[in-house]
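Shown next, in structure tokens, is the structure this report addresses.
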Amino acid sequence: MLKKILLVVAVAAPMFMSAQAVKFGVINPQEIVNVMPDYATAQNTIKTVSDKYQTQAKALQDEYDKKMQEYQDLTKAKATEAQLEAKGKEIQDIQTRFQNFQQTAQSDLQKQQETLMAPIEQKLNNAIQSVGAKGGYTAIFMEGALMYKGSNLEDVSAKVKAELGIK
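Rendered as structure tokens:
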């Protein structure tokens, strides 16, 4: 019986000796993204495009307001049915153009955001992978998704920033 116990211990000992300590990290990706220079550039580009669309939307709104005023003036002046109908059609056309413009602008802004953010997210992911591999982490979790954070969980945000060259 003693020989069997010693045999089991002898066989199992190398497995226990080679087992590494489990090491977990936590990261706040948004905090890191917010200080990345590429992010500021992307945000400026998106703001420029958004401002351009807002200017165009304002022009369409002004055109709509002008046509509505003209329609009201025609109504007060007792214009013919044909004149009112023509002005009403102009107003409907502007409304349709405005709706199409809004959809196009929103879609374009979303595509711009995705296109500009993809390389930033990839850089962040690469840095997280690098820190995880270099630090021997079993897993690195996103801070906002944690329900409990024990004292043995290491915040690796500073290491990821260093990997990205951010101070």
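Residue numbers (mature numbering (1 follows the signal peptide of the UniProt record, and there is no 0)): -21 to -1, 1 to 146. For glycine and all other residues, C-beta sits at the position ideal for the given N, C-alpha and C. The structure presented is a predicted model; accordingly, all values stated were derived computationally and were not measured.
- prompt: How far does the alpha helix (DSSP H) with residue 135 in it reach, from first residue to last?
  reply: Segment: none, residue 135 is in no alpha helix (DSSP H) and carries neither H nor E.
query: Start and end of the alpha helix (DSSP H) containing residue 19?
result: Unbroken alpha helix (DSSP H) run through residue 19: 16 to 55.
message: According to DSSP, simplified to helix, strand and coil, what is residue 144?
response: Assignment of residue 144 by DSSP, reduced to helix, strand and coil, places it in the coil class.
query: Taking the beta strand (DSSP E) that residue 118 falls in, what are its first and last residues?
result: Segment 118 to 121, the beta strand (DSSP E) holding residue 118.
- prompt: Taking the DSSP output, what are the residues bridged to residue 5?
  reply: Paired residues: 120 and 134.
Exposure label - residue 145; buried when at least 16 CB within 10 Å: Residue 145 is exposed by the Cβ-count criterion.
task: Work out the CA separation of residue 111 and residue 27 for me, nearest whole Å.
output: Rounded to the nearest angstrom, the two C-alpha atoms are 37 angstroms apart.
task: Just mark residue 100 as buried or exposed, buried being the case when its beta carbon has 16 or more other beta carbons within 10 Å.
output: The residue is exposed, with fewer than 16 neighbouring Cβ atoms inside 10 Å.
- request: State the DSSP-derived secondary structure class of residue 112, mapped to helix, strand or coil.
  value: Look at residue 112 here: in three-state DSSP terms it is helix.
query: So, do the stretch 55 to 71 and the stretch 101 to 108 have three or more beta carbon pairs nearer to each other than 8 angstroms?
result: Contact fails: fewer than three Cβ-Cβ distances are below 8 angstroms.
query: Do you know how far the Cα of residue 5 is from the Cα of residue 91?
result: When rounded, the distance between both Cα atoms is 30 angstroms.
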